[in-house]
Structure formats: C-alpha cells, structure tokens
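In the numbering used here, the protein residues as written are 1171 to 1242.
Glycine residues also receive a C-beta, built at the ideal position from the N, C-alpha and C atoms.
Being a predicted model, the structure only gives us computed values, none of them experimental.
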Amino acid sequence: MTNTYHAAHFDPTVDEIDVLKRLEMGELITQDGALREHLSGRLLEWGLISKNAGGEMAITPSGRQLIRRQDN
C-alpha cells in the first residue's frame, strides 16, 4: 500500500484553477482529454474534481469553494 503525502495546505497552480473554472462552466473534460492536456492529478487527489464511470471529470463542491475563494 502506498501512502500519498499531502501538504497541510493546497495552493493550486494557474493551470489547475483554469481547469476548475472550465469544469464549473460546463466544459466536458474526459480522461483522454485530461491526459492530452497533462491535467494535474492533484485535483483528483485533493477531491476538487471527481471522475465518473465514463471517465468524464466533474468539479466537486470543494473545487467550487476553492475557485470562489480565488476570485475574492
């Protein structure tokens, strides 16, 4: 079993914030698209996005809260 280290605080990159905003606006990002765009796995690890059975990414309530905080 592998343990994943998480820092005490998550500071998203500009690219990660951009992905969260695109998902919130309804853009469809699939697993294949995420691989092509080198989508950060940190968003999934921190629970800011989720992945359904079809491989489509969706923003979570935690992800929405993070981008609202970034806009203020």
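- A check of alpha carbon separations from M1227 across L1193, Q1235, F1180 and N1173 identifies L1193 as the nearest.
- Annotated as proximal: E1186 and S1210, with beta-carbon spacing under 9 Å.
- In this structure, the alpha-carbon of L1198 lies about 28 Å from that of H1179.
- The closest CA to that of H1208, considering only M1195, G1224, D1188 and R1239, is found on D1188.
- Distances from the CA of D1181 to each of I1229, K1191, Q1201 and R1212 were compared; the closest alpha carbon is that of R1212.
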